[in-house]
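Asks:
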Amino acid sequence: MPQEPVEAPSNEAAIKRNPHADFGAVERSRPLFDHDTQLTFTKTPNPNWQAGGGASNEEWKKHQFVTIDPYEEGREPWLNYKLLTSATVPRPIALASTVSPDGKTANLAPFSFWQCAAVDPPMYSISFTSRTANDTLTNLLATKEMCISMTTESVVEAANFASVNSPRHISEWPLSGLTQKPSDLVKPAHVAESPYSVECKLHSVQDFHSKADPSVRTSTMVIVEVIRFHIWNDAIGPDRATADVTKLHPVFRAGGIMYGSCPTMFELPRPEAFGQLREDEKIKDLI
Numbered sequence: 399m400p401q402e403p404v405e406a407p408s409n410e411a412a413i414k415r416n417p418h419a420d421f422g423a424v425e426r427s428r429p430l431f432d433h434d435t436q437l438t439f440t441k442t443p444n445p446n447w448q449a450g451g452g453a454s455n456e457e458w459k460k461h462q463f464v465t466i467d468p469y470e471e472g473r474e475p476w477l478n479y480k481l482l483t484s485a486t487v488p489r490p491i492a493l494a495s496t497v498s499p500d501g502k503t504a505n506l507a508p509f510s511f512w513q514c515a516a517v518d519p520p521m522y523s524i525s526f527t528s529r530t531a532n533d534t535l536t537n538l539l540a541t542k543e544m545c546i547s548m549t550t551e552s553v554v555e556a557a558n559f560a561s562v563n564s565p566r567h568i569s570e571w572p573l574s575g576l577t578q579k580p581s582d583l584v585k586p587a588h589v590a591e592s593p594y595s596v597e598c599k600l601h602s603v604q605d606f607h608s609k610a611d612p613s614v615r616t617s618t619m620v621i622v623e624v625i626r627f628h629i630w631n632d633a634i635g636p637d638r639a640t641a642d643v644t645k646l647h648p649v650f651r652a653g654g655i656m657y658g659s660c661p662t663m664f665e666l667p668r669p670e671a672f673g674q675l676r677e678d679e680k681i682k683d684l685i
């Protein structure tokens with residue numbers, strides 16, 4: 399009788415995400431997280447900006463560029479991964495839940511390679527960047543169903559622990575301590591502690607292959623269609639369309655093991671209709 403694997407494959411040794419030899423010591427040296435911090439709205443960085451004004455300061459003139467060929471000799475794909483993830487910030491974190499094809503194992507895992515993809519129908523994209531299909535992708539391709547829940551300040555540690563490379567037959571839900579809330583239209587549950595979750599059906603799949611060896615699949619992007627929204631009733635306006643970010647407390651992913659919250663925001667209206675703007679003498683000089 400074959401034995402169940404002890405753990406799933408992991409790329410952590412190659413990526414070397416954690417830069418600290420003793421993270422516990424580093425963590426103990428830092429101040430406590432301030433749970434009382436309220437989201438603050440400020441002015442924009444340059445409230446007096448005018449059309450044609452460019453950057454708000456000349457800091458950019460002090461810097462030189464390094465140009466990198468992603469396929470240069472000796473450059474491993476993980477170096478591109480580390481550059482992409484540390485420079486493409488902030489990235490929201492999806493807590494993706496799926497169920498195994500046999501219905502026996504409920505999977506939960508965090509992903510920061512996700513984003514809005516369309517609005518009619520409402521779609522999200524989510525990418526899987528490992529050569530071997532992980533549990534989430536395997537389950538999604540087989541069942542065509544998943545839920546996505548927002549990662550917030552109150553669940554970020556649990557979400558991070560759900561990234562553990564447990565084998566396929568072990569669920570991350572009890573390991574994370576998060577609560578499964580039954581969904582309306584799909585089998586996967588969504589995270590009860592999250593203020594915003596969506597139920598999704600698989601729409602389409604796009605595989606990507608290595609430039610060095612096109613026979614090797616290196617990542618997969620999926621598009622999922624939202625068929626149900628779930629949001630706290632005090633976190634959405636009367637229009638049932640605008641979420642209140644001050645109630646959501648989202649966190650974002652940066653590079654390595656860095657995460658962040660959003661304590662400061664500003665508002666910036668879109669420009670007026672160009673048909674009106676073009677009558678302004680300053681705009682005429684620019685066109």
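Per our numbering, the sequence shown starts with residue 399, numbered consecutively. All C-beta atoms in this analysis are idealised placements derived from N, C-alpha and C, irrespective of residue type, glycine included.
#1: Would A504 count as contacting chain B if we go by Cβ distances under 7 angstroms?
#2: Pull up the distance between the alpha-carbon of M521 and that of S454, whole angstroms please.
#3: Alpha helix (DSSP H) containing N558: first to last residue?
#4: So, for P669: in the same chain, excluding its five sequence neighbours on each side, which residues have a beta-carbon less than 7 angstroms away from its beta-carbon?
#5: For a test of the three-state rule: what should DSSP assign to Q674, helix, strand or coil?
#6: By alpha-carbon positions, which one of K441, Q513, W447, F439 ends up nearest to V620?
#7: Measuring straight from C-alpha to C-alpha, what distance separates Q604 and T486?
#8: Within 8 angstroms, do at least three Cβ pairs link the region 466-482 to the region 633-650?
#9: Can I625 and L666 be called in contact, C-beta distance under 7 angstroms?
#10: What is the rounded straight-line gap between the Cα of F606 and the Cα of N558?
#11: Less than 7 angstroms separating the beta-carbons of P586 and E543?
#12: Report the CB separation of C545 from S495 in whole angstroms; it is logged as a contact under 8 angstroms.
#13: Is it buried or exposed, M663, if we count other Cβ atoms within 10 angstroms and call 16 or more buried?
#14: Between the Cα of I685 and those of A449, P488, S427, spot the shortest distance and give me the residue it belongs to.
#15: Would you call the region 462-469 and the region 525-541 touching, i.e. three or more CB-CB distances under 8 angstroms?
#16: Go through its chain and collect everything with a Cβ distance to V562's Cβ below 8 angstroms, but skip five positions before and after it.
#17: So, are the CB atoms of L493 and S552 less than 7 angstroms apart?
#18: I need the straight-line Cα distance from A515 to S523, nearest angstrom please.
#19: According to DSSP, simplified to helix, strand and coil, what is R426?
#20: What's the call for F439, buried or exposed, on a 16-neighbour Cβ count within 10 Å?
#21: Please go through the region 410-498 and give each complete alpha helix (DSSP H) segment of 4 or more residues, from N-terminal end onward.
#22: Thinking C-alpha only, which one of V554, V464, L430, R566 is nearest A531?
#23: DSSP three-state call for P572: helix, strand or coil?
#24: Run through the DSSP bridge pairs and tell me what V649 is partnered with.
#25: For the alpha helix (DSSP H) containing L600, name the first residue and the last one.
#26: By the DSSP assignment, the alpha helix (DSSP H) with E679 in it spans what residues?
#27: Going by DSSP, which residues form a beta bridge with E623?
Replies: Looking at the atomic coordinates:
#1: Going by chain labels, chain B is absent from the structure shown, which holds only one protein chain.
#2: Against the sequence shown, residue 521 aligns to sequence position 123. Against the sequence shown, residue 454 aligns to sequence position 56. The straight-line gap separating the alpha-carbon atoms of M521 and S454 is approximately 35 angstroms.
#3: On the sequence shown, residue 558 is found 160 positions in, with the first residue counted as 1. Run containing N558: 554-559, per the alpha helix (DSSP H) assignment.
#4: The residue given as residue 669 occupies position 271 in the sequence shown. If we look at P669 and ignore the five residues flanking it on each side, its Cβ neighbours are L675.
#5: For the purposes of this step, residue 674 is taken as residue 276 along the sequence shown, with counting starting at 1. Assignment of Q674 by DSSP, reduced to helix, strand and coil, places it in the helix class.
#6: As a first step, residue 620 is located in the sequence shown; it is residue number 222 there, counting from the start. Nearest C-alpha to V620: Q513.
#7: Position 206 of the sequence shown, counting from 1, holds the residue named residue 604. Position 88 of the sequence shown, counting from 1, holds the residue named residue 486. Those two C-alpha atoms are separated by around 21 angstroms.
#8: With the cut-off at 8 angstroms, the region 633-650 and the region 466-482 do not touch.
#9: For this step, residue 625 is matched to residue 227 along the sequence shown. For this step, residue 666 is matched to residue 268 along the sequence shown. Contact flag unset, no.
#10: Sequence index remark: in the sequence shown, residue 606 carries index 208 (1-based). Sequence index remark: in the sequence shown, residue 558 carries index 160 (1-based). Rounded to whole angstroms, F606 to N558 spans 26 angstroms at the Cα level.
#11: The residue labelled residue 586 in the question sits at position 188 within the sequence shown. The residue labelled residue 543 in the question sits at position 145 within the sequence shown. With respect to the 7 angstroms criterion, P586 and E543 are classified as neighbours on the basis of their beta carbons.
#12: Against the sequence shown, residue 545 aligns to sequence position 147. Against the sequence shown, residue 495 aligns to sequence position 97. Contact holds; Cβ gap of about 5 angstroms.
#13: What you label residue 663 is simply residue 265 of the sequence shown in a count that begins at 1. With fewer than 16 other Cβ atoms within 10 Å, it is exposed.
#14: Taking the sequence shown and counting its residues from 1, the one referred to as residue 685 is at position 287. Of the candidates A449, P488, S427, the one whose C-alpha sits nearest the C-alpha of I685 is A449.
#15: These segments do not touch.
#16: Translated into the one-based positions of the sequence shown, residue 562 becomes position 164. Result list for V562: E570, L573, in chain order.
#17: As a position in the sequence shown, residue 493 is number 95, starting the count at 1. As a position in the sequence shown, residue 552 is number 154, starting the count at 1. Not closer than 7 angstroms, so no.
#18: Locating residue 515 in the sequence shown gives position 117, counting from the first residue. Locating residue 523 in the sequence shown gives position 125, counting from the first residue. Their Cα atoms are separated by approximately 6 angstroms.
#19: What you label residue 426 is simply residue 28 of the sequence shown in a count that begins at 1. When DSSP states are grouped into helix, strand and coil, R426 belongs to the helix group.
#20: Numbered from 1 along the sequence shown, position 41 holds the residue referred to as residue 439. Classification for F439: exposed.
#21: Listed in chain order, the complete alpha helix (DSSP H) runs (minimum 4 residues) inside the region 410-498 are 410-413, 421-426, 475-485.
#22: Your numbering for residue 531 matches position 133 in the sequence shown. The shortest C-alpha to C-alpha distance from A531 to any of V554, V464, L430, R566 is the one to R566.
#23: If you number the sequence shown from 1, residue 572 lands on position 174. If DSSP states are grouped into helix, strand and coil, P572 belongs with the helices.
#24: For the purposes of this step, residue 649 is taken as residue 251 along the sequence shown, with counting starting at 1. According to DSSP, residue pairing for V649 in a beta bridge involves S659.
#25: The count along the sequence shown starts at 1 and reaches residue 600 at position 202. Run containing L600: none in the alpha helix (DSSP H); it sits in the beta strand (DSSP E), 594-607.
#26: Locating residue 679 in the sequence shown gives position 281, counting from the first residue. Run containing E679: 679-684, per the alpha helix (DSSP H) assignment.
#27: Working through the sequence shown from its first residue, we reach residue 623 at position 225. Answer is M521, K599, bridged to E623.
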